[in-house]
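Student:
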DNA sequence: GCCATGTGATTGACACGTCAATCATGATGA
DNA sequence: TCATCATGATTGACGTGTCAATCACATGGC
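Chains as they are written, first to last, in full-length UniProt numbering: chain X, 1 to 159; chain E, 1 to 159.
1. Using a Cβ-Cβ cut-off of less than 7 angstroms, give me the residues of the region 69-99 of chain X that come near chain E, in sequence order.
2. Please look up how many angstroms separate the CB atoms of residue 145(X) and residue 20(E), rounded, as I've assumed it's under 8 angstroms.
3. With distances taken between CB atoms, is the gap from residue 94(X) to residue 80(X) smaller than 9 angstroms?
4. Checking contacts by CB at 9 angstroms: is residue 24(E) closer than that to chain X?
5. Residues of chain E with a CB under 8 angstroms from the CB of residue 110(X): which are they?
6. So, is the C-beta of residue 4(X) closer than 9 angstroms to a C-beta in chain E?
7. Give me the DSSP bridge partner(s) of residue 147(E).
8. Hey, does residue 123(X) have any beta-carbon neighbour from chain E nearer than 9 angstroms?
9. Reducing DSSP to helix, strand and coil, say where residue 13(E) ends up.
10. Excluding five sequence neighbours on each side, which residues of the same chain lie with their C-beta closer than 6 angstroms to the C-beta of residue 104(X)?
11. Pairs of beta-carbons, one from the region 108-122 of chain E and one from the region 43-60 of chain E, closer than 8 angstroms: are there three or more?
12. Starting from residue 63(E), trace the alpha helix (DSSP H) both ways and give me its first and last residue.
13. Within the 9 angstroms Cβ cut-off, does residue 136(X) reach chain E?
14. Can you give me the start and stop residues for the alpha helix (DSSP H) that residue 59(X) sits inside?
15. Taking the alpha-carbon positions, what's the residue 150(E) to residue 102(X) distance?
16. Could you check how far apart the C-beta atoms of residue 182(X) and residue 42(X) are, in whole angstroms? I think they sit under 8 angstroms.
17. Relative to the alpha-carbon of residue 90(E), which residue among 127(E), 96(E), 72(E), 113(E) has its alpha-carbon at the smallest distance?
18. Give the secondary structure of residue 136(E) by DSSP, where H, G and I count as helix, E and B as strand, and everything else as coil.
19. Any chance you could list the alpha helix (DSSP H) runs of at least 4 consecutive residues sitting entirely within the region 31-110 of chain E, in chain order?
20. Residue 117(X) and residue 57(X) look like a contact to me (Cβ under 8 angstroms); what is the Cβ gap, rounded to whole Å?
21. Is it the case that the Cβ atoms of residue 125(X) and residue 22(E) are separated by a distance below 9 angstroms?
22. Nearest by alpha-carbon distance to residue 82(X): which of 132(X), 36(X), 48(X), 31(X) is it?
23. Given that residue 144(X) touches chain E, what residues does it touch there, using C-beta distances under 7 angstroms?
24. Using the C-alpha atoms, what's the distance from residue 96(X) back to residue 147(E)?
25. Starting from the beta carbon of residue 132(X), find every residue of chain E whose beta carbon is closer than 9 angstroms, and list them in chain order.
26. For residue 205(E), return the contacting residues in chain X, with the cut-off set at a CB-CB distance below 7 angstroms.
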């Protein structure tokens, strides 16, 4: 069942290797797109919105320092800042000055933001089950976990 | 080694399932980002540019109908149109009117475009080997191929 | 106290992607 | 022929993401 001819470090890629790579990256991208579309239909939230609101919903008092939020969801700060601007315009989050450090900002989810998040979460998790978990056998799911761990080891540390 | 408790259709996601899902989607995203950054450094091309030039480089006479190109690389037409506009401005491709159908456009890679593509290709494939293929055992690579096939079966057909 | 330096966060410019609308041309049928 | 509809492609508006620059405030050394 193994199509590779063993380790081939530094060699030209076989078409099998190339196709597997492309398949991996394209399938992940398509999954993101489809899930994102459903999320949008169900709740009007984007994947980014969902991630931000998820983090805030799990935080003490539904509020978090902007930098902590960025670290928590693994985003660059400028990305978060732009995104929060858009979410604020839509009334999903609010910014407050930070008491301890006047440079800082506290982000908090609005009632409307939490409501949209709750509306999103069940269908979103259902879609993850349907398109990802249900497509895989338990052994394949374990394989995904292993593979992800192996790939992460080679990846340079995040921002 | 199996962490799931067997098929759990319709149930709430376990934290293992959720973490595996998140790991999958985030790792793929990070791989794209890192590969994209290297590509940019090595050649000044984005991943999109690379895909377009790859398709053109393999086409008869380095030219292709816009719609054929879109289908070939799996992009929506408007996306391709915008992207070609940016590439044309940078001198990487050129648009010509199509002889057989005056509605159509022929896209062709310029000398400069092909030169950038050649500059990009070796380091790009090397990076794919380094960050993806070399990180996985042959059995894991086969597992990726299987998993990708299983996921694709559940995915709605493309644009 | 004051300045240099670091840190939290925002901004502007620009590339990328999607959606809906548009436009021109080809094909079809009364 | 001409009205209609389909098709190839582009456009505009807008959300998203990155990079480099900026701004305000904190902090530590003198």
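Backbone N, C-alpha and C define an ideal beta-carbon position, used for all residues, glycine too.
Tutor: Taking the geometry as given:
1. none
2. Residue 145(X) to residue 20(E), Cβ: 5 angstroms. Contact.
3. no
4. yes
5. Here the premise fails: no neighbours, minimum Cβ distance about 25 angstroms.
6. Interpretation of residue 4(X) is limited by its pLDDT of 46, a score under 50 that renders its predicted location unreliable; the figure taken from the coordinates is listed afterwards. It does; some Cβ of chain E falls within 9 angstroms.
7. Partner(s): none; residue 147(E) has no beta bridge.
8. no
9. coil
10. Excluding positions up to five away in sequence, the list reads 65, 98.
11. yes
12. Residue 63(E) -> not in any alpha helix (DSSP H); beta strand (DSSP E) instead, spanning 63-65.
13. Answer yes: the Cβ-Cβ gap between residue 136(X) and chain E drops below 9 angstroms somewhere.
14. In the DSSP assignment, residue 59(X) falls outside any alpha helix (DSSP H), carrying neither H nor E.
15. 51 angstroms
16. Residue 182(X) lies beyond the stretch modelled for chain X, which goes from 1 to 159, so this question has no answer here.
17. Per the C-alpha coordinates, the member of 127(E), 96(E), 72(E), 113(E) positioned closest to residue 90(E) is 113(E).
18. Three-state result, residue 136(E): coil.
19. 47-58, 66-73, 77-89
20. Between residue 57(X) and residue 117(X) the Cβ distance is about 6 angstroms, and since that is below 8 angstroms, they are a contact.
21. no
22. 48(X)
23. Think of a sphere of 7 angstroms around the beta carbon of residue 144(X): the chain E residues whose beta carbon falls inside it are 20, 24, 147, in chain order.
24. 45 angstroms
25. 17, 20, 21, 24, 25, 151, 154
26. Shown here, chain E extends from 1 to 159; a query on residue 205(E) therefore has no answer.
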